[in-house]
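Participant: For the sequence shown, this note's numbering gives the first residue as 240, with consecutive numbering after it.
Ideal placement from N, C-alpha and C gives every residue a C-beta, glycine not left out.
No experiment lies behind these values; they were computed from the predicted model shown.
Here it is, the structure, as structure tokens.
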Amino acid sequence: MRNLEPGRPIDEYIDRLNAGPVDACKCNHEGRNLVVCIDGTANEFGDKNTNVIELYSLIQKRKGDRQRTYYNSGIGTYARSSRKPESLSKALARTLDLAIARHFESIVLDAYRWLSETYEDGDRIFLFGFSRGAYQVRVLSAMINTVGLIDRGNEKQIPFAYKWYTDPGTDHGSMQESTLVGSERLTTRSRIHTAKRFKEVFSRDVRIHFVGAWDTVSSVGPVRGRKLLPGTTDGMKHVCYFRHALALDERRVKFLPEYACDDAGPSPSDPDSQETFSNTKEVWFAGTHSDVGGGNTENESLDSARPALRWMYSEASIAGLRMDLFKRKSTVGADESDLKVKESLTGFWRVLEYLPIRHLTYAPRKDGTSKEKNTTRRPHRGKARVIQKGQTIHPSVWLSEGLLVTYIPHACLHSSDAKQTKMQLWSKRLEFWRKLQGRKDLEADGTTSNAWKEVDIYEVMGNLVAQYIKRVPMLISSDDDWHHALLATMRIHAHSEEGWRALSREILQLLNGVDLIHAESLCRILDVLVKNSGTGSRSLEPRFYSTTRSKILPHLPPATAKPWQNQIAREFLAAFTDPQVQESRTSSVVSVAFSPDGKHVVAGSRDHKVRVWDVGNVDLDAGPKLVGKPFEGHSFPVLCVAFSPCREAGKWRIASASDDRTIRVWDVNTDPGAGRTPWRVFTGHIDGVNAVAFSQDGTHIASGSSDCSVRIWDVEGERVMPLVLSGHAGGVYSVAYSRDGALIASGSDDTTIRVSRAHSGELVSQLEGHHGRVWSVAFSPDGTRIVSGSADRTVRIWIVYSGGMAMPYMQLEPHLRSVFCVAFAPGDSTRVVSASNDKTIRFWNVDTGDIVGRPFEGHTEGVNSVAYSPDGKRVVSCSELDRTIRIWDVLQEPV
């Protein structure tokens, strides 16, 4: 591919792209998409699925996708039952329909009826078909254009709508090529006027947005040319986008293609024309009829990556159809399987080639020549298809290394010299494909000087990014205009869904490579992805934040990286990576906490057990690994767990609080394989214990109970009786030590927070403001703030003054449901995490009150507990009802 040429104006490239079809269509882009798919006759779901079924499987149909779909297999009323053999009568009916399309009209009208019942103002209509089904969706589009889409309640008028559509007078082309329905003999002007009046009275004026056809074959009667229906071969100007995939190697006379312009290529659009926008592409692919449309090879798993399917997927995506991610091959045209051809001209089909069957000659038509004169009854004798001016060849053909080596296409240009020998024609054919082969005459903006070449959006983006990465260091100072031209071209392509995916794939491939990318170029492209992400289905394949971040960091050295570059990288990571890195399914977990080294997580469950999980260097796909046997001894659910803060592994302790009214302390260093018994058991509460917390030195434990008290226990000393702190009027559901161990905060069912001195139990402050149970409280690392989460859905920040006095400071934006847990980030008194019954985890800047980044979503039920790792780079969360523990990466500075 050639670089952008310095001698050509930059605006020429950008204007040419801006003038493209993406922004020209006037259809409503905010409405629903209605999708009709009609397969070829005798094609149905099974082992060998067509592209129609493949594409249908990719269309997003979930609630909220705002897309409605309709599929017809094209097999009429004679579909076989899997439980009994096909009857002779149905077998004959199938054969008859294959020959003369006996059910053609009913299939079209069924789809028309569905659209009439489903359509609402502002909807966009997409039609897809293969073979005869492709012709049927073209008929459907022309019928809607002619007589409109019947209003609800007028369904009985549908047969009359079809009549006025098929009447010769409604065809603005040749009368001979239409079907005569009914006995009326009106003048042409009168017939057109009547169809228009019918449309005004009974129908809605609807424009078809997109028609996608794989190798259209009409076959609506035994003789070609007598029953072509109005509006199907006069350019398809009545639709916004017409996309037609054609088979280079199909040679059967009964499978000759119906081009958009009958026997000619699409006519170029006039930029000065006042007609409604219409954009047509007819593109050739390697293979015979069912190679291009599907159905020749087994693909029961619906994972085909045929070029014609990929191309239609891309074109429909660009036009606004929302589909699931299509996992593509890495390089267009590199796969030799794209050129595999299954010969179709065999057996009975060969006999037909020597019969006087009427067919088009596809010869260039002179001015004034009728379509009828461009047909013949001379035996077809397996002649190759004719490539017409205005049609293009897909890059899977002209980029393939197998072209002219293992594969030579049958199709060729029409020769006007009847005297040329077979050798001369063969030589001319080879020369055409030789000139087409390879990447020459491609330009960076996606255009090409070779009019026969179709350019794939993935190929375009690959070359754009390659040029940009290569040129940026020097362009920044000396060639800044061209730097902006390349970036502007990427931005324009990235407006479309498929263009955006193509650019994102190139960036991910670069990040997986070994070569460093200039920070300026990387961040500018990341910025294009972020700015064009929108709110649709544009997302990358699931990627872990930690691994993607580790691949971006080498390209942004701390010594030279600029603040705006780090900001863009953060936005990219926040938007397109999955912060959840590990997940483990277990019993109903109520509380979780990290070990002091950050490599283990303790979990307390409703099955009365305490478990320890290894979350260090484990297989990300496998999730956390259970360490040894559970700690058993509680007789009721474990409601809270805590690790002692000592960083010496040999001195770790775990405290667990239970509804059985006890607090148990466990020695983590016992043999994991042996039965685990508590190191100490504290009793004294007269109701369930809801909360437990270690002091910073690990020598004391504070507990909160439904008996309305807070008790402080001496873990290492000889004192058996605890210090009891009373005063709450309801159960205590959370306790927390200040970092210096001097203060204890407790949150209660009475909606208050009490701050007391840890050594004496003296009340220092009582904080009021919540309007529901206070589920969780925590001190900031510097001891100057308290954060609380409540059943009233709010997170509140309280200022702690010298001596322990505290005052309200800020209420953060509420969650949608109760806030079960809150925590400050280690070493950062400005960052808070909150977990809620609304299934989300949120991060806050308590200086500004703003949410930091996007909420973490993944739990399918309320989140009961959340805790930071000691280094602040991860959080662990659990949900009692979805029975999972999840580990998440937290967005870090500078990236």
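Can you check which of these residues, Arg307, Arg301 and Ile277, is closest to Gly270 by C-alpha distance?
Facilitator: The residue labelled residue 270 in the question sits at position 31 within the sequence shown. Out of Arg307, Arg301 and Ile277, Arg307 has the C-alpha closest to the C-alpha of Gly270.
Participant: Would DSSP call Asp766 helix, strand or coil?
Facilitator: Within the sequence shown, the letter at position 527 stands for residue 766. Helix, per DSSP.
Participant: Look at the alpha carbon of Ile1036 and the alpha carbon of Gly1088, and state the distance between them as a whole number of angstroms.
Facilitator: As a first step, residue 1036 is located in the sequence shown; it is residue number 797 there, counting from the start. As a first step, residue 1088 is located in the sequence shown; it is residue number 849 there, counting from the start. Each residue's Cα considered, the two are about 9 Å apart.
Participant: Which runs of the beta strand (DSSP E), 3 residues or longer, sit entirely within the stretch 922-991?
Facilitator: Listed in chain order, they are 928-933, 939-944, 949-953, 962-964, 971-976 and 982-987.
Participant: Can you grab the Cα-Cα spacing for the pair Lys581 / Leu297, in whole Å?
Facilitator: Numbered from 1 along the sequence shown, position 342 holds the residue referred to as residue 581. Numbered from 1 along the sequence shown, position 58 holds the residue referred to as residue 297. C-alpha separation (whole angstroms): 26 Å.
Participant: Buried or exposed for Ala690, please, with buried defined as at least 16 other CB atoms from any protein chain shown within 10 angstroms of its CB.
Facilitator: Counted from its first residue, the sequence shown places residue 690 at position 451. Looking at its Cβ environment, which holds fewer than 16 other Cβ atoms inside 10 Å, Ala690 is exposed.
Participant: If we ignore side chains and look at the alpha-carbon of each, how far apart do Val478 and His448 end up?
Facilitator: Reading the sequence shown from its first residue, position 239 is the one you call residue 478. Reading the sequence shown from its first residue, position 209 is the one you call residue 448. Using only the alpha carbons, I get a separation of about 6 Å.
Participant: Could you tell me the alpha carbon to alpha carbon distance between Thr433 and Val440, rounded to whole angstroms?
Facilitator: In the sequence shown, residue 433 corresponds to position 194, counting from 1. In the sequence shown, residue 440 corresponds to position 201, counting from 1. Those two C-alpha atoms are separated by around 10 Å.
Participant: Buried or exposed: which applies to Val949, given that a residue is buried once 16 or more other Cβ atoms fall within 10 Å of its Cβ?
Facilitator: The residue labelled residue 949 in the question sits at position 710 within the sequence shown. Its Cβ being crowded by 16 or more others within 10 Å, Val949 is buried.
Participant: Kindly list the residues whose CB is nearer than 8 Å to the CB of Asp853, restricted to its own chain and excluding five residues on each side of it in sequence; keep chain order.
Facilitator: Here the question's residue 853 lines up with position 614 in the sequence shown. Result list for Asp853: Lys838, His839, Pro863, Lys864, Leu865 and Val866, in chain order.
Participant: Drop a sphere of 10 angstroms on the beta-carbon of Met1044, count the other beta-carbons inside from all chains shown, and report buried for 16 or more, exposed for fewer.
Facilitator: The residue you call residue 1044 lines up with position 805 of the sequence shown. Met1044 should be labelled exposed.
Participant: Is Leu366 near Val450, with beta carbons less than 7 Å apart?
Facilitator: Along the sequence shown, read from residue 1 onward, the residue named residue 366 stands at position 127. Along the sequence shown, read from residue 1 onward, the residue named residue 450 stands at position 211. Yes, these two residues count as a Cβ contact at 7 Å.
Participant: Please list, in chain order, all residues of the same chain as Ser1019 whose beta carbon is under 7 Å from its beta carbon, the five residues on each side excluded.
Facilitator: Indexing the sequence shown from 1 puts residue 1019 at position 780. Within the same chain, Ser1019 has close Cβ partners Phe1063 and Ser1068.
Participant: Spell out the partners DSSP gives Asp1067 in its beta bridges.
Facilitator: Counted from its first residue, the sequence shown places residue 1067 at position 828. Answer by DSSP bridge pairing, in chain order: Ala1064.
Participant: Check whether the Cβ atoms of Gly372 and Arg443 sit closer than 7 Å, and answer yes or no.
Facilitator: For the purposes of this step, residue 372 is taken as the residue at position 133 of the sequence shown. For the purposes of this step, residue 443 is taken as the residue at position 204 of the sequence shown. No, they are not a contact pair.
Participant: So, using beta-carbon positions, are Leu1148 and Arg788 closer together than 7 Å?
Facilitator: Not covered by the structure: residue 1148. The range shown for the chain is 240 to 1134.
Participant: Keeping to the same chain, check which residues put their C-beta closer than 6 Å to that of Leu1120; ignore five residues upstream and five downstream.
Facilitator: Numbered from its first residue, the sequence shown carries residue 1120 at position 881. Around Leu1120: Glu1100.
Participant: I'd like the list of long-range same chain contacts for Gly1083, defined as Cβ closer than 8 Å, with 5 residues on each side in sequence excluded.
Facilitator: Translated into positions along the sequence shown, residue 1083 becomes position 844. Correcting the residue identity first, residue 1083 is Trp in this sequence and not Gly. Cβ within range, chain order: Val1034, Leu1051, Arg1070, Val1071, Val1072, Ser1073, Asp1089, Ile1090 and Val1091.
Participant: Would you call the stretch 522-531 and the stretch 636-650 touching, i.e. three or more CB-CB distances under 8 Å?
Facilitator: Yes, since at least three Cβ pairs between the stretch 522-531 and the stretch 636-650 fall closer than 8 Å, the two stretches touch.
Participant: I'd like to know whether the C-beta atoms of Trp918 and Val904 end up nearer to each other than 7 Å.
Facilitator: Translated into positions along the sequence shown, residue 918 becomes position 679. Translated into positions along the sequence shown, residue 904 becomes position 665. Yes, the Cβ-Cβ distance between Trp918 and Val904 is below 7 Å.
Participant: Closer than 8 Å is the cut-off here; do at least three beta carbon pairs connect the stretch 790-802 with the stretch 821-834?
Facilitator: Judged by Cβ distances under 8 Å, the stretch 790-802 makes no contact with the stretch 821-834, as fewer than three pairs qualify.
Participant: Decide if Met1046 is buried, meaning its Cβ has at least 16 other Cβ atoms within 10 Å, or exposed.
Facilitator: In the sequence shown, counting from the first residue as 1, residue 1046 sits at position 807. Exposed.
Participant: What is the DSSP secondary structure of Thr787, reduced to helix, strand or coil?
Facilitator: Here residue 787 refers to the residue found at position 548 of the sequence shown. The answer is helix: DSSP assigns Thr787 an H, G or I state.
Participant: Quick one: is Val1115 buried, meaning 16 or more other Cβ sit within 10 Å of its Cβ, or exposed?
Facilitator: Sequence index remark: in the sequence shown, residue 1115 carries index 876 (1-based). The residue in question, Val1115, is buried, as its Cβ has 16 or more Cβ neighbours within 10 Å.
Participant: Please classify Ile925 as buried or exposed, where buried requires at least 16 other C-beta atoms within 10 Å of its C-beta.
Facilitator: Indexing the sequence shown from 1 puts residue 925 at position 686. Exposed, because fewer than 16 other Cβ atoms sit within 10 Å of the Cβ of Ile925.
Participant: Taking buried to mean at least 16 other C-beta atoms within 10 Å of its own C-beta, is Trp453 buried or exposed?
Facilitator: Here the question's residue 453 lines up with position 214 in the sequence shown. Trp453 comes out buried.
Participant: DSSP state of Lys864, grouped into three classes?
Facilitator: Here residue 864 refers to the residue found at position 625 of the sequence shown. Strand at Lys864.
Participant: With 16 other CB atoms within 10 Å as the buried threshold, where does Ser569 fall?
Facilitator: Indexing the sequence shown from 1 puts residue 569 at position 330. Low confidence applies here, because Ser569 scores a pLDDT of 40, under 50, leaving its location unreliable; read the following figure in that light. With fewer than 16 other Cβ atoms within 10 Å, it is exposed.
Participant: Under 7 Å, do Thr289 and Phe369 count as touching if we go by C-beta distance?
Facilitator: The residue you call residue 289 lines up with position 50 of the sequence shown. The residue you call residue 369 lines up with position 130 of the sequence shown. The answer is yes: Cβ separation under 7 Å.
Participant: Assuming Gly969 contacts Asp946 under a Cβ cut-off of 8 Å, what Cβ separation, rounded to an integer in Å, is found between them?
Facilitator: Within the sequence shown, numbered from 1, the residue matching residue 969 stands at position 730. Within the sequence shown, numbered from 1, the residue matching residue 946 stands at position 707. Going by Cβ atoms, the distance from Gly969 to Asp946 rounds to 10 Å, so no, they are not a contact pair.
Participant: Are there 16 or more other CB atoms within 10 angstroms of the CB of Phe587, so buried, or fewer, so exposed?
Facilitator: Locating residue 587 in the sequence shown gives position 348, where the first residue counts as 1. So Phe587 counts as exposed.
Participant: Return the chain-ordered list of same chain residues with a C-beta closer than 8 Å to the C-beta of Val920, the five sequence neighbours on each side being excluded.
Facilitator: The residue given as residue 920 occupies position 681 in the sequence shown. Only Gly872, Thr901, Ile902, Arg903 and Val904 meet the Cβ criterion.
Participant: Taking the alpha carbon of Arg1125 as the reference point, which residue from Asp1110, Lys1078, His967 and Asp502 has its own alpha carbon closest?
Facilitator: Numbered from 1 along the sequence shown, position 886 holds the residue referred to as residue 1125. The residue with the shortest Cα to Cα distance from Arg1125 is Lys1078.
Participant: Is the separation between the beta-carbon of Val1102 and that of Val1061 shorter than 7 Å?
Facilitator: On the sequence shown, position 863 is the one that residue 1102 refers to. On the sequence shown, position 822 is the one that residue 1061 refers to. Not a contact, by the Cβ cut-off of 7 Å.
Participant: Do Glu737 and Gly701 have their C-beta atoms closer together than 7 Å?
Facilitator: Indexing the sequence shown from 1 puts residue 737 at position 498. Indexing the sequence shown from 1 puts residue 701 at position 462. In this structure, Gly701 does not lie closer than 7 Å to Glu737 by Cβ.
Participant: Classify Ser1029 as buried or exposed, calling it buried when 16 or more other Cβ atoms lie within 10 Å of its own Cβ.
Facilitator: Taking the sequence shown and counting its residues from 1, the one referred to as residue 1029 is at position 790. Classification for Ser1029: buried.
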